[in-house]
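K.L.:
Protein chains in written order, with the working numbering: chain E, 714 to 823; chain B, 373 to 488.
Right under this line is the structure:
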């Protein structure tokens with residue numbers, strides 16, 4: 714089915730471990746985004762990408778790394794997870810000036 | 373940088389009541405405006421959007437929003453809510469920069485509970 718998918722949907726990890734969250738879209742949208750959702754903060758932009766091999770920081774990029782080797786994939790890596798990175802992570806892609814969101818990954822860092 | 377303010381963090385209504393959720397933004401230029409809804413355990417879905425033209429926009433599920441430029445507002449309305457409207461509602465903006473890669477700036481959300 715066409716759309717945007719994220720994996721895993723749920724993840725528990727420990728402080729200091731590296732974690733990669735995957736995002737895949739089938740629309741061939743150029744722009745993709747990563748947000749985190751926290752109670753009392755709404756959604757905040759972590760990183761975005763305008764095309765393959767083009768990425769840029771958003772509002773809260775510290776502790777995260779992204780890559781975009783293919784248009785359809787936009788993985789987000791937590792290089793050394795911290796408890797403050799416990800959150801729900803949403804990937805989005807943009808088509809016709811509207812962003813479409815994936816189902817989210819709920820990450821717990823112990 | 374732009375910001376978005378949603379006035380009510382929690383709203384509790386009875387079925388059939390009318391709904392209005394406030395949203396104000398701060399940005400000096402032209403913006404695109406959005407309302408998203410997040411049902412319990414689900415991802416964000418677009419309710420409606422405004423880019424230009426008629427300031428009263430209609431979305432899915434009977435929702436509408438009015439853009440008032442002079443007030444920097446984009447309030448969401450529904451004349452008669454249903455129990456199934458229980459959800460989190462987010463207002464969001466991004467600059468109308470002609471196709472740039474700007475992400476959305478979201479408000480903190482309004483948690484709406486509809487009592488049967």
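Backbone N, C-alpha and C fix where the C-beta goes; we use that ideal spot for every residue, glycine too.
1. Between the alpha carbons of residue 472 of chain B and residue 382 of chain B, how many angstroms are there, rounded?
2. Work out the CA separation of residue 820 of chain E and residue 768 of chain E for me, nearest whole Å.
3. Sorted by chain position, which residues of the same chain lie with C-beta nearer than 6 Å to residue 724 of chain E's C-beta, five sequence neighbours on each side aside?
4. For residue 457 of chain B, name the three-state secondary structure that DSSP assigns.
5. Under 8 Å Cβ-Cβ, which residues of chain B neighbour residue 816 of chain E?
6. Taking its Cβ as the centre, do 16 or more other Cβ atoms sit within 10 Å of residue 455 of chain B, making it buried, or is it exposed?
7. Beta strand (DSSP E) containing residue 770 of chain E: first to last residue?
8. Could you tell me which chain E residues have their CB closer than 8 Å to the CB of residue 462 of chain B, listed as they occur along the chain?
9. On the DSSP letters alone, give me the boundaries of the beta strand (DSSP E) that residue 725 of chain E sits inside.
10. When the Cα atoms are used, what is the spatial distance from residue 490 of chain B to residue 374 of chain B?
11. Should residue 388 of chain B be labelled buried (16 or more other beta-carbon atoms within 10 Å of its own) or exposed?
P.N.:
Let me lay it out:
1. The residue labelled residue 472 of chain B in the question sits at position 100 within the second chain. The residue labelled residue 382 of chain B in the question sits at position 10 within the second chain. Interpretation of residue 472 of chain B is limited by its pLDDT of 49, a score under 50 that renders its predicted location unreliable; the figure taken from the coordinates is listed afterwards. Roughly 33 Å separates the two Cα atoms.
2. For the purposes of this step, residue 768 of chain E is taken as residue 55 along the first chain, with counting starting at 1. For the purposes of this step, residue 820 of chain E is taken as residue 107 along the first chain, with counting starting at 1. The straight-line gap from Cα to Cα measures roughly 23 Å.
3. On the first chain, residue 724 of chain E is found 11 positions in, with the first residue counted as 1. Here the set comprises 820.
4. Start at 1 with the first residue of the second chain, and residue 457 of chain B comes out as number 85. It is helical.
5. Numbered from 1 along the first chain, position 103 holds the residue referred to as residue 816 of chain E. In chain order: 414 and 415.
6. To locate residue 455 of chain B, count along the second chain from 1; it is residue 83. Its Cβ having fewer than 16 others within 10 Å, residue 455 of chain B is exposed.
7. Within the first chain, numbered from 1, the residue matching residue 770 of chain E stands at position 57. Residues 767 to 770.
8. Here residue 462 of chain B corresponds to residue number 90 of the second chain, with the count starting at 1. The answer, in chain order, is 755 and 756.
9. Taking the first chain and counting its residues from 1, the one referred to as residue 725 of chain E is at position 12. Segment 723 to 726, the beta strand (DSSP E) holding residue 725 of chain E.
10. Residue 490 of chain B is absent from the model: chain B starts at 373 and stops at 488.
11. For this step, residue 388 of chain B is matched to residue 16 along the second chain. When all chains shown are included, residue 388 of chain B counts as exposed.
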